[in-house]
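Only one structure is covered here, and it is reproduced in the block below.
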Amino acid sequence: MSVLSFQCEHRYCGGFHLDVAFDVSHRFTALFGPSGSGKTSVLNMVAGFLRPQQGTIVLKGRTLLNTVQRVSLLPEKRSVGFVFQDSLLFPHRTVEGNLRYGQHRHNRRGHSSDFSRVVDVLEIGPLLRRFPRNLSGGERQRVALGRALLSEPELLLMDEPLASLDAPLRDRVLTYLERAVAEWNIPTLFVTHAEGEVRRAAQWVVLLQAGHVVGAGTPDQVLGLAASRLAPDATR
Amino acid sequence: MNLQRTAPLHSGAGVPVCGRGGRLFAASTLSVVALFVAGWLTLIFNDVVYTAREAIKETRVTETDASHPAAVPGLPPSQTLFQKLVSPEITSALWLSLWTSAVTVVIGLGFAIPMGYALSRYRFPGHTFIDSVVDLPILLPPLVIGLSLLVFFQTAPGRLIEDLGLKFVFQKKGIILCQFLDSASFGIRAVKLAFDGVDPRLEHVAMTLGCGRAGAFFHVALPLARRGIVVGGILIWTRAFGIFGPLMVFVGAVRMRTEVLPTTIYLEQSVGRIEVALAVALLMIALATVALVTIRLVGLERQ
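Residue numbers (this note's numbering), protein chains in the order written: chain X, 1 to 236; chain H, 1001 to 1303.
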């Protein structure tokens, strides 16, 4: 059964034309492609930050967007968690303040069991009283992931969450990501242009090029296709 | 000048300034700061010396007058400088300056925060034009504001406002209106820059966590921009506190009615009491210094 059904078209002022349609039915789906292929725009449309000129987005049977019926849910009503490349923790709140923010907004009761579970799985207990400026890149990404998880999203969107980390740290944080996604069983749409991350984490891959889907399948199928279709620098 | 002898010199980012070139560069920028501050302090010091000398001179004259056997009965005795400073006229002007400028800060920030946010976050047709109009009062001579207001209240819309009971011309409300129009642009500009410095994606994150647009503004953008908002408030207050030109045109210089401290300085020097004018100026400088240091300590250093 499809978790997310996405079909949108948007023409930017600069002439870039995005026309993308795909379904997400696996736990870990990667949006793969070179820079400028429209991956982040797709995530922004799902989250509600960017409204396409035409299209429909349906999440678990719930219409998030239907331009014909003039339905467009506000970002806060979509139940999607978003983890950005640069984590974007609230700098004026401690780690605990960041984590509790999502929890309180979504569920006023703020179950302490959920909080403890997230803290344990992501191993961020010792960081709770620190401010984001005192965290390393990997720690920040773990906190950002925890904050998104505590808002109990129906879909997790990640925009190159490992791109700003060095290779050893990337492996460690990816382990945390895999562990968390498995623990909460949240379908995840993961944007990347790193082949290694796709091979390791993704169960399904959607290949984008110049605003269009040029292939979809298992990592082996799509990476083979990508090697033949895209420029070498796109699949580093 | 050995910069390493005392506490280690740091750049704004907290990185120690090292190497001969770095020290030379730091010394040259700091010397410009020193030159500017020294120039101002020299001016203020001269004012203090002049005022003190005149005060001593007047005290002697007053004592002589009082003890003089030929003192004319019925005529008021000469006043010392301090007595002049605490006269009802000047204390009334001081109080009027303080409360009108405080009200202007509240109104100014009431406009600057939403306007700064809107201009920073939203793009709409005519954005550049409106952004430029906001800056107009910064470029215009302040006197123009007074003249424009005077003309406006002669027109039908202006008279309508006055008929509704909101009288501004030659009234205390007019002082606040002049102060607001003259100073709000500085606050709006500072607050807009503060919101420009807050990544809009932080508000997007707040929205994905279940917060509405207004919630994201109050919980994320506003706390992160508060430093710039404090700066905006300081700019509005300093400008409003020292305004003079538009007031002379729009509300006049009526003693104990529309007289603020800058008006007092003008009135005192126009009748030749330079020492009183200078003493009032020093009072303004002292008040402004205390207020600015306090606001910086309370509003900025804690962040």
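Just so you know, even glycine gets a beta-carbon here, dropped at the ideal spot from N, CA and C.
Check	Outcome
For a quick check, are the C-beta atoms of X/A216 and X/V206 less than 7 Å apart?	yes
Would you identify the three-state DSSP class for X/E9, choosing helix, strand or coil?	strand
So if I threshold CB-CB distances at 9 Å, which residues from the segment 38–63 of chain X count as touching chain H?	N44, A47, G48, F49
From H/E1275 to H/L1282, what does the alpha carbon distance come to, in whole angstroms?	10 Å
Quick one: which chain X residues come within Cβ less than 9 Å of H/V1230?	Under the 9 Å cutoff, chain X gives no residues; its nearest Cβ is about 14 Å from H/V1230.
For X/R101 and chain H, any beta-carbon pair shorter than 7 Å?	Checking the sequence, you will find Tyr at residue 101 of chain X rather than Arg. X/Y101 counts as touching chain H.
Taking 8 Å as the cut-off, does the segment 15–27 of chain X touch the segment 76–88 of chain X (at least 3 CB pairs, one atom from each stretch)?	no
Could you tell me which of H/I1229, H/L1222, H/V1231, H/L1209 sits nearest to X/Y101, measuring between CA atoms?	H/L1209
Could you check what DSSP says for X/R78 in three-state terms: helix, strand or coil?	coil
Could you name the residues of the same chain whose beta carbon sits closer than 6 Å to that of H/A1286, not counting the 5 residues immediately before and after it, in chain order?	none
Taking only runs of the alpha helix (DSSP H) that begin and end inside the segment 1125–1165 of chain H, which ones reach a length of at least 4 residues, in chain order?	1127–1139, 1142–1152, 1156–1163
Quick one: which residues of the segment 1200–1234 of chain H get their C-beta closer than 7 Å to a C-beta of chain X? List them in chain order.	R1201, L1202, H1204, V1205, M1207, T1208, L1209, G1210, C1211, G1212, V1220, P1223, L1224
Taking all protein chains shown into account, decide if X/W204 is buried (16 or more other Cβ within 10 angstroms of its Cβ) or exposed.	buried
Taking Cβ positions, are H/P1125 and H/D1182 nearer each other than 7 Å?	no
For H/G1146, which of H/H1219, H/V1105, H/L1085, H/L1177 has the nearest alpha-carbon?	H/L1177
Would the segment 1185–1192 of chain H count as touching the segment 1216–1233 of chain H if we require 3 or more Cβ pairs under 8 Å?	yes
If we cut at 7 Å on Cβ distances, does X/P187 have a partner in chain H?	no
Could you please tell me which residues of the segment 62–94 of chain X, in chain order, have their CB closer than 8 Å to any CB of chain H?	L74, P75, E76, R78, V80, G81, F82, F84, L88, F90, P91, H92
For X/E154 versus X/V191, is the C-beta spacing smaller than 7 Å?	no
What first and last residue would you give for the beta strand (DSSP E) that runs through X/V24?	17–24
Start and end of the beta strand (DSSP E) containing X/D159?	155–159
Compute the distance between the beta-carbons of H/P1253 and H/I1265, then report whether it is under 7 Å.	In the sequence on display, residue 1253 of chain H carries Ala and not Pro. No, the Cβ-Cβ distance between H/A1253 and H/I1265 is not below 7 Å.
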